[in-house]
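**Student:** According to our numbering, the residues represented by the sequence shown are 173 to 502, in order. The beta-carbon is built from N, C-alpha and C at its ideal position, and this holds for glycine as well. Below are the structure tokens for one structure; questions will follow.
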Amino acid sequence: MYNENSKTGDKRTPRFNWKAKAFIQNFIAMFPKSMSYELYFQMQRHFGGYKKPYDPLGHFETGVDLIKKIQKYGYDTDEKVFFEVGTGRVPLLPIAFWLCGAGKTITVDLNPYVRKELIEDALFVVNKEKNEIKSIFGNLLNEDRFELLLDYAKSKKINKEDILQLCEIEYIAPGDASKTKLKDNSVDYHISHTVYEHIPLNIIKDILKEGNRIITRDGLFINYIDYRDHFAQMDKSISVINFLQYNDKDWDKYAGNRYMYMNRARHDEFMELFEKVGHDFMEIEPDVDEDIQEMLNRGGAEIMIDKKFEKKSNEILSITGSWFVTKQTI
Ligand SMILES: C[S@@+](CC[C@H](N)C(=O)[O-])C[C@H]1O[C@@H](n2cnc3c(N)ncnc32)[C@H](O)[C@@H]1O
């Protein structure tokens, strides 16, 4: 699993050759599952984006942005049920929703990646950066809940179960978001953050169809998808579209493992996918990288694009991520 720093922070190590990282990931992925998970986490903890103390603030900002996107359309978030695809290492978005007054969040992950050490780090930072957190949440912050979280953050015995219970989070892992056991029309908001770039498109389609079943009639889907080559996060010598130079077979040799799989689908393909599952767009907020666009317009040897992506416009290729707010067509 790749550690996202969300859009808000750049913690790239100055330079670590991406092919060396790919080699290590492929090697670690060959071990039996539980040993492999532990080795990979230790690698991330000592050399990657989960170094001590892990900072939750970027994800809190994302959680608040997401709540604002919902409220912007006149939808209520108080006591509503959220469903998150792909929890990752720490359930920070569910904690942010709870701090904003949401009801329960059901968060599902194919892999049981949540780590106690990172929850401890996050709560340490919560306690230390109270004022910063208050300013991130602004008037969305439920003060009583924040006090409860601060009290818990001071406790000596932090554990996963308590924090999940306190913040009304149901964590299902291993669990598959394309096959939930939830009732029809039982969730209000179906969300994901930096997840769909890591799942094959046919499976995302199944997840969204299952979402259509479990969401209430006027529920919303809110997703942020990061289209960047994630190796560029730690290797500054490559661009965020470096991976578009490879055909599928070659790319699979580098990143075809459980930790770094990236579907490399571009903005137009995700638009099509949402249309195919019967969604209307309420908001699309693409991030355009002007430097990449300029480089593509200039052409030349500095940028290579495989045949697979050749027919795409430079405008599409320079979109590096996007928010999507969608709704089932009635
Ligand atoms: C990049 S990580 C999650 C990042 C996290 N949302 C964040 O904001 O930090 C992607 C996660 O999606 C999970 N995942 C992949 N396929 C899934 C599926 N079908 N159902 C649920 N989770 C899935 C992976 O196990 C992984 O933990």
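(1) Give a yes or no on whether the C-beta atoms belonging to Phe415 and Met434 are separated by under 8 Å.
(2) What does DSSP give as the partner residues of Thr388 in its beta bridges?
(3) Would Asn429 pass as a contact of Ala192 if the rule is Cβ separation under 8 Å?
(4) Any heavy atom of ligand 1 closer than 7 Å to the Cβ of His362?
(5) Per DSSP, which one or two residues make a beta bridge with Lys499?
(6) Name the DSSP bridge partner or partners of Phe255?
(7) Note the first and the last residue of the continuous beta strand (DSSP E) segment covering Ile341.
(8) Apart from the five residues on each side of it in sequence, which residues of its chain come closer than 7 Å, Cβ to Cβ, to Arg184?
(9) Look at the Cβ atom of Leu265, then the Cβ atom of His365, and state whether they are nearer than 8 Å.
(10) For Gly221, verify whether its CB is less than 7 Å away from any heavy atom of ligand 1.
(11) For a test of the three-state rule: what should DSSP assign to Ile475, helix, strand or coil?
(12) If distances are taken between C-alpha atoms only, which option among Phe203, Glu251, Arg217, Val412 comes closest to Thr277?
(13) Determine contact between the region 340-351 and the region 275-291, defined as no fewer than three beta-carbon pairs at a distance below 8 Å.
(14) Using a Cβ-Cβ cutoff of less than 8 Å, which residues in the same chain neighbour Ser411 once the five nearest sequence positions on both sides are dropped?
(15) Put Gly383 into one of helix, strand or coil per three-state DSSP.
(16) Tell me whether Val460 sits in a helix, a strand or coil according to DSSP, three-state version.
(17) Residues in its own chain within less than 8 Å of Ile196 by CB, not counting five upstream and five downstream?
(18) Please list, in chain order, all residues of the same chain as Ser208 whose beta carbon is under 7 Å from its beta carbon, the five residues on each side excluded.
(19) Per DSSP, what kind of secondary structure is Thr505 in: helix, strand or coil?
(20) For Asn175 and Lys223, I'd like the C-alpha separation in whole angstroms.
(21) When you compare only the Cα positions, how much space is there between Leu354 and Lys480?
(22) Is the Cβ-Cβ distance between His451 and Ile488 less than 8 Å?
(23) Compute the minimum distance between the beta carbon of Gly493 and the heavy atoms of ligand 1, and state whether it is under 7 Å.
(24) Which runs of the alpha helix (DSSP H) fall wholly inside the region 263-323 and span at least 4 residues, in chain order?
(25) Along the alpha helix (DSSP H) that carries Asn357, what are the first and last residues, could you check?
(26) Do Ser350 and ligand 1 come close, with the Cβ less than 7 Å from some heavy atom?
(27) Tell me which residues share the same chain as Arg385 and place their Cβ nearer than 7 Å to its Cβ, disregarding the 5 neighbours each side in the sequence.
(28) Would you say the beta carbon of Leu354 comes nearer than 7 Å to a heavy atom of ligand 1?
(29) Can you tell which of Phe254, Glu233, Thr259, Gly246 has its C-alpha closest to the C-alpha of Phe393?
(30) Beta-carbon within less than 6 Å of Thr492's beta-carbon, same chain only, minus the 5 sequence neighbours each way: which residues are those?
**Tutor:** According to the structure data:
(1) Using a Cβ distance threshold of 8 Å, Phe415 and Met434 count as a contacting pair.
(2) For Thr388, no pairing in a beta bridge is given by DSSP.
(3) Not a contact, by the Cβ cut-off of 8 Å.
(4) False, no ligand heavy atom lies under 7 Å from that Cβ.
(5) DSSP lists Asp452 as the beta-bridge partner residues of Lys499.
(6) Under DSSP, the beta-bridge partners assigned to Phe255 are Ile278, His362.
(7) Start and end: 341-344.
(8) Its pLDDT being 44, under 50, Arg184 is placed unreliably in this model, and the value from its coordinates should be taken loosely. Take Arg184, set aside five residues on each side of it, and the residues of its chain with a beta-carbon closer than 7 Å to its own are Gln405, Met406, Lys408, in chain order.
(9) Yes; because the gap between Cβ atoms is below 8 Å, this pair is in contact.
(10) Outside the cutoff, so no.
(11) The answer is coil: DSSP assigns Ile475 none of H, G, I, E or B.
(12) Taking Thr277 as reference, the option from Phe203, Glu251, Arg217, Val412 with the minimal CA-CA separation is Glu251.
(13) Because the criterion of three Cβ pairs below 8 Å is met, the region 340-351 and the region 275-291 touch.
(14) So the qualifying residues of the chain are Asp401, Ala404, Ile464, Met467, Ile475.
(15) Shown here, Gly383 sits in a helix according to DSSP, grouped into three states.
(16) Val460 sits in a strand when the DSSP states are folded into three classes.
(17) The beta carbon of Ile196 sits closer than 8 Å to those of Met215, all from its chain and outside the five residues before and after it, given in chain order.
(18) In the same chain as Ser208, and ignoring 5 residues on each side of it, the C-beta atoms closer than 7 Å to its own belong to Ile200, Ala201, in chain order.
(19) In the structure displayed, the chain extends from 173 to 502; residue 505 sits before or after that span and is not available.
(20) Its pLDDT being 41, under 50, Asn175 is placed unreliably in this model, and the coordinates cannot settle the point.
(21) One alpha carbon belongs to Leu354, the other to Lys480, and they sit about 38 Å apart.
(22) No; because the gap between Cβ atoms is not below 8 Å, this pair is not in contact.
(23) Within 7 Å of the C-beta of Gly493 there is not a single heavy atom belonging to ligand 1.
(24) Qualifying alpha helix (DSSP H) stretches, in chain order: 264-271, 288-300, 302-309.
(25) Taken as a continuous stretch (DSSP letters only), Asn357 belongs to no alpha helix (DSSP H), as it is neither H nor E.
(26) Within the cutoff, so yes.
(27) Counting only Cβ-Cβ distances below 7 Å, and skipping sequence neighbours, we find Asp356.
(28) Leu354 Cβ: outside cutoff for every heavy atom of ligand 1.
(29) Comparing Cα-Cα distances from Phe393 to each of Phe254, Glu233, Thr259, Gly246, the minimum goes to Phe254.
(30) If we look at Thr492 and ignore the five residues flanking it on each side, its Cβ neighbours are Tyr399, Arg400, Val412, Asp459, Asp461.
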